[in-house]
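A.B. asks:
Protein chains: 2
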Amino acid sequence: MPRLPLYALLCLLLATMTPAHADEGMWTFENPPAQALAERYRFSVTPAWLEHLRLAAVNFSGASASFVSPQGLLLTNHHVGFACIEKLSKAGSDFVMNGFLARSREQELPCPDTEIKVLQSSEDVSAKVFAAVQPTASDEVANTQRKTAIAGIEQACAKTSKLRCEVVSLYHGALYHLYRYKVWHDVRLVFAPEKQIAFFGGDPDNFVFPRYDLDFAIFRAYQNGQPVKPASYLHWSREGIQEHELVFAAGHPYSTDRLDTVIQLESLRDLHYPLRIASAQRQRAVLTAFAARSPESARRAENNLFGVENRIKALQGEYKALNDGKLMRKKTEEETALRKSYRELAQAGDGDPWRQIAVATSQLDARARELWAVTYGRHTLFSLAGQIVELAHERLLPEGERLEDYREAAIASLLPRLKSNAPIYKDLEIARLAGQWQEAADLLGRDHPFVRRVLGDATPLAAATALIEASKIDRAEQRVRLIEGGVAAVEASTDPLIVLARDIYPMRRALQKFAEIEGETPIKRAAEIIGRARYRAYGDRLAPDATATLRLTFGSVSGYDADGILTPWKTNFLGLQARAAAFDERPPFDLPPRWTQGLRRLAPATPLDFVSTLDIIGGNSGSPVVNRQGEWVGLIFDQNLEGLGNRFVYSDVKARAVAVDARAIMEALVKVYGADDLARELRGE
Amino acid sequence: MPRLPLYALLCLLLATMTPAHADEGMWTFENPPAQALAERYRFSVTPAWLEHLRLAAVNFSGASASFVSPQGLLLTNHHVGFACIEKLSKAGSDFVMNGFLARSREQELPCPDTEIKVLQSSEDVSAKVFAAVQPTASDEVANTQRKTAIAGIEQACAKTSKLRCEVVSLYHGALYHLYRYKVWHDVRLVFAPEKQIAFFGGDPDNFVFPRYDLDFAIFRAYQNGQPVKPASYLHWSREGIQEHELVFAAGHPYSTDRLDTVIQLESLRDLHYPLRIASAQRQRAVLTAFAARSPESARRAENNLFGVENRIKALQGEYKALNDGKLMRKKTEEETALRKSYRELAQAGDGDPWRQIAVATSQLDARARELWAVTYGRHTLFSLAGQIVELAHERLLPEGERLEDYREAAIASLLPRLKSNAPIYKDLEIARLAGQWQEAADLLGRDHPFVRRVLGDATPLAAATALIEASKIDRAEQRVRLIEGGVAAVEASTDPLIVLARDIYPMRRALQKFAEIEGETPIKRAAEIIGRARYRAYGDRLAPDATATLRLTFGSVSGYDADGILTPWKTNFLGLQARAAAFDERPPFDLPPRWTQGLRRLAPATPLDFVSTLDIIGGNSGSPVVNRQGEWVGLIFDQNLEGLGNRFVYSDVKARAVAVDARAIMEALVKVYGADDLARELRGE
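Printed below as a string of structure tokens:
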């Protein structure tokens, strides 16, 4: 091919690669899809419209929510608020099973450890970050330089603004934006339906449509003992949505892999997904066995079990998408076109970033099992021990040398979790930790130094039992003492979990540093080069991969053809009853007692759940769905199975976002729960 | 491989090929699956139980039905009885739209041309047929010898028994059985629901489950003006079925291709299915355009349109199954094992039947387009002309030389159809024939002799219009005159359709004889050899392919996992309302006026449709579903999409037969239609 001018090459590139597919894109509020909205929907997005939505959109412990009243009412999913609802429940007053309604402000119950934050403003700091990294620096030096620069920006911002400041990398490092958040920690439970109606159909119906779930819960944000008066909140739509209507969601999608290279996707497909799925299946087996011990055990395991079942279904759906030959062919074609254009434009001396990613990926893959298994456990009491030890040591280092999780900006979020008063059940901890150690022994062998240190000659169960029974860090005040005592307290501690975490820390740190220097940093540098090439080609018309930060997505309310099965855009209360009856109301298709009666009072054809082409992924749970007027019409809570491939490629053929309809929420609050005051507050009366 | 004794080879063969899979098999009543029923379900099938079901099972114009009262009431599907219901309807009294209920015997309406028959007895005549064919005869001679022998057996039987006698080839010619039928032609409509409730969801929901159709209609058989008193009839089950219960169906599956060779399946996949699907899609376009002309046009086209839409979905489902690599791999493995065993056992001089089938298949495939397009049209007025011409000529030939459709035994069924008084709409005939001739011109080119003869220089529409408008054979008495006048009357006729049919007859006959001699006969002879090899290996433990004759099938009532969507074994009236509401009652999800009111009176959780692992295919429509006691609990009316692969390989994973629940039928008759007398007769009160 003869050398063509830049413009011609870009045109060629644009023709071979469709940049934004239909309603695709998890857009930053800094760069809304104004052109697509104008062309596809004749919707003109204004700064005021955007600001109204952005200031009402809430990050709720990592997932999504929104302010829906001037008195700080927060709307989110039941499954997002579940950790709080479960922690507030006790054997005698089980809000998970029976639901909860505060009939006055005094009855609203503070969540043990929930953090909410709202994005206040943002700033492009790319130039500052790029300027800090010498192009000729080694990966290790470059890594330190970038981290130092980012930490410096974050700290300077925090000092002047008194806000939480975080630098976000977009387009795999093509851009860096500084985000400033307002943060609250006093969040109280106002209303929760019975879990059985919020999660009707349980794991079998998870990621399925038609769906019949009232997956919502209502909280209130407080500050200094008073309800928060948010800068912006969403009004409830009196009309509700129609089929084919334009809708938006604002939320916090965790991560997507749409800009990954083919080599990275193959590595996910061939190594990481099988590893993760097998691990999740082990965890499910452990939790199922634990839950079978007694009703109280079942209650204690419930949140973990929901999480792992949800993860298994999501991983399997994504794994299926990765194994779809068409997807890989599309990715390969796109990459071939981009590489060709990159080579044409590259300067002498530019490397081949795809090759660099391939090399680094194989480095990481070679030690993937160790990286997976050498841990303090996943979300266990032992992980709290590990974090206490790491925090004490990492804090002493300059920001550029710390492990990623211990940047000052990150510590601010970590501390409330470490100090939380939420109940910890030692029997459950023993079962889970034993399961994870069994996995480590199977993956690494009994002779691996990590396995030898944690197990010695004991069985995983015996080792876990001995450690956890003797430990006292299940009590929050013990953890607070250790955190406040710093390295001295940690080094002096004789708590067996702290002692073990101390021993493992060097091994774990070396592994993480290996991953950072040999894998993540070269990948990040190469991805930046590709990201910039792509950004040069598409600019703002391509959305960045998700980064757990606030995103705007748009789409239309519409049903679909599920391989020959015509699937309507909405379900209704009749369908809920029909599905319960079709399974003779056997769990998980049973109805709570209040509903057996209450259903008669509901308008039977009220839309219950609906689907749209909104581009979402995990983390969007609890996102408000709003109409052109910015009023809330629904509440995102799931994707359908076909939607799970959205992690890699967006599609609007069968992939759908699933939401609770605002009308069903109002109908249920008034007619089933008699929550008239709450309904009035939501309606703005 | 060393030469092994026969026994060892058979064992090897049996080990590599699973003969009967789970609930697989469309079994003849002569050879019921007694062992499988005993082992899988602890059910002991007795001769009396079989005879009771066999004598109540009715062949209803090719599809299935059953006697359900001592006074000759017949239960079948609405879509099976539709041709009659439609023909009895007029613009003013539209029973298709409004339903029909006879409140007395006098109000029962005779169907224009419906034939029912009941299998009385059967006899193995394999030895007689085999003895008549010289092993060394050429294909042409062998064909004549076999046909002569079969016609002789049929005629001798008819003479002595006064019954309809037909010889059926089983296991692709490994066995020949003589079937004796009692036949009735006076069938009267007693009850039909509105088509909209019988076929709720229309084409989109066809072959779909969950399903919400009341696809039933009730007729009564008469003889000499009096209700037939059947030798056996089925009692309505008071209890209804439960999940996991053993059920049976007795019906008339048209055809399956489970014993086809891989070459044959590949030919279907690569040539015949694409041809058939394209043809059906053309027909749908023609009928849709015709129906759009006026409401009356829509009414006239309705049955044809239902038929073609149904065919397209079925063909596409089967085509998808053929394109499933796993299916072909399984078939290839089975065939490789069978061929190996055959070679070991073959005598010197035995040919390779698989190769012979491959050669003959390629002969047929080479002229497949001509064989498809050179016709008198498919189910048109012109086909009646063609059949009249062929009948006159073929009847003069000895049985062994006739075209297959004009054996005496076949003529008995043909005559009532040729003489039928059912209305023929010339405008519809013109549209359909023009469409078929356009297809012929596209497939064969304007210069093909057939196309030249039917079209000349005219457009298909002009040619069809001229011929059909001038023809008088739309009147039954004209056809009767021609049939009774024989060759002389046919040769003397100046009716333009008869004249054209006369001209085409030699061309068409030569093609059919080519297919018979070069294709079908060598395939039949080779398939017989394979059939016998297979029969030697499996004997009765393998069911024969379907042959449109009476079969018994068994299975269990059970839901399934549809790629992650848990599908219950039953639906209910709530689900019907829910699906109607989910589509805002837009057609085809609207409810008839009587139902909008009537639904309130129904027990909402009454099972409406249910699925089971029963092994069925087209032609089973209208089959009664009976329980261990031989009582009817449901009525087969469909397969799910996943079930369409059953044509080639049975599966019980996701493939399901769909039936109307007997309880829904009774509930609707009493509470929606006020058909209390009819309900009492069905309940045996």
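Going down the list, the sequences are from chains A and B. Be aware that the first sequence starts at 35, since it is given in the working numbering, and climbs by one per residue. Be aware that the second sequence starts at 35, since it is given in the working numbering, and climbs by one per residue. Where is the CB? At the ideal position from N, CA and C, for every residue including glycine.
(1) Determine, for N606/B, whether the minimum Cβ-Cβ distance to residues of chain A falls below 8 Å.
(2) Under 8 Å between the Cβ atoms of R690/B and S646/B?
(3) Which residues in the same chain have their Cβ closer than 8 Å to the Cβ of I297/A, if we skip the five residues on either side of it in sequence?
(4) Check whether the region 346-359 of chain B touches the region 667-682 of chain B, taking contact to mean three or more Cβ pairs, one atom from each stretch, closer than 8 Å.
(5) Is there a C-beta anywhere in chain B that falls below 8 Å from the one on F617/A?
(6) By Cβ distance below 7 Å, which residues in the same chain neighbour I551/A in space, the five residues on each side in sequence not counted?
(7) Consult DSSP for P104/B and reduce its assignment to one of helix, strand or coil.
(8) Does the region 705-718 of chain A touch the region 531-540 of chain B, meaning 3 or more C-beta pairs lie closer than 8 Å?
(9) Can you find the residues in the same chain that come closer than 8 Å, C-beta to C-beta, to G609/A, ignoring five residues on each side of it along the sequence?
(10) So which residues of chain A does V591/B contact, with C-beta pairs closer than 9 Å?
(11) Chain A partners of Q631/B, CB-CB under 9 Å?
(12) Is P261/A closer than 8 Å to Q381/A when the C-beta atoms are compared?
(13) Could you give the distance in angstroms between the alpha-carbon of P457/A and the alpha-carbon of R222/A?
(14) Taking L280/B and G664/B to be in contact with their CB atoms under 8 Å, please state how far apart those CB atoms are, rounded to whole angstroms.
(15) Provide the residue(s) that pair with E157/A in DSSP beta bridges, ordered along the chain.
(16) Could you please tell me which residues of the region 238-261 of chain B, in chain order, have their CB closer than 8 Å to any CB of chain A?
(17) Verify the CB distance criterion: does P602/B have a CB-CB separation below 8 Å to chain A?
(18) Ordered along the chain, which non-local residues of its own chain (more than five positions away) have a Cβ less than 7 Å from that of L462/A?
(19) To which residues of the same chain is Q276/A closer than 8 Å at the C-beta, ignoring the five residues directly before and after it?
(20) Taking the beta carbon of E433/A as the centre, do at least 16 other beta carbons fall within 10 Å, making it buried, or is it exposed?
(21) Would the region 411-422 of chain A and the region 522-535 of chain A be scored as touching if the rule is three or more Cβ pairs under 8 Å?
(22) Heavy atom of the ligand MG less than 7 Å from the Cβ of G609/B, yes or no?
(23) For chain A, check one thing: does any of its Cβ atoms lie closer than 8 Å to the Cβ of L675/B?
(24) Count the other CB atoms, across all protein chains shown, that sit within 10 Å of the CB of R515/A; report buried if there are 16 or more and exposed otherwise.
(25) Kindly list the residues whose CB is nearer than 8 Å to the CB of G274/B, restricted to its own chain and excluding five residues on each side of it in sequence; keep chain order.
(26) Is the shortest distance between the beta-carbon of Q315/B and the beta-carbons of chain A less than 8 Å?
(27) Does the beta-carbon of V687/B have 16 or more other beta-carbons within 10 angstroms, so that it is buried, or is it exposed?
(28) Using a Cβ-Cβ cutoff of less than 6 Å, which residues in the same chain neighbour I557/A once the five nearest sequence positions on both sides are dropped?
(29) Might you give, ordered along the chain, the residues of its own chain that have their beta carbon closer than 7 Å to the beta carbon of A549/A, omitting 5 neighbours on each side?
(30) Return the residue from the list E64/B, V163/B, A319/B and L648/B that minimises the CA-CA distance to Q179/B.
(31) Show which residues of chain B have a CB atom less than 7 Å away from the CB atom of I599/A.
(32) If we count the other Cβ atoms within 10 Å of its Cβ and call it buried at 16 or more, is V224/A buried or exposed?
(33) Using a cut-off of 7 Å between C-beta atoms, extract the partners of A639/B located in chain A.
(34) Taking 8 Å as the threshold (C-beta atoms), are R585/B and G207/B in contact?
(35) With H, G and I counted as helix, E and B as strand and the rest as coil, what does DSSP make of G632/B?
(36) Taking the Cβ atom as the reference point for each residue, do Q154/A and L197/A lie within a distance shorter than 8 Å?
C.D. replies: On the basis of the coordinates in this document:
(1) yes
(2) yes
(3) W388, I391, A392 and T395
(4) yes
(5) yes
(6) D173, E174 and N177
(7) coil
(8) no
(9) P244, Y246 and L642
(10) Per Cβ cutoff of 9 Å: no residues; V591/B is ~13 Å from chain A at best.
(11) Those do not exist, as Q631/B stays about 15 Å from chain A at its closest Cβ, beyond 9 Å.
(12) no
(13) 17 Å
(14) Actually they are not in contact, since the Cβ atoms of L280/B and G664/B sit about 12 Å apart, beyond 8 Å.
(15) L212/A
(16) P238, D239, F241, V242 and P244
(17) yes
(18) F324, R334 and A335
(19) V591
(20) buried
(21) yes
(22) The ligand MG is not among the ligands present in this structure, which contains no ligands whatsoever.
(23) yes
(24) exposed
(25) P641, V667, D695, A696 and R697
(26) no
(27) exposed
(28) I391 and A394
(29) L398 and L405
(30) V163/B
(31) V242
(32) buried
(33) A615
(34) no
(35) helix
(36) yes
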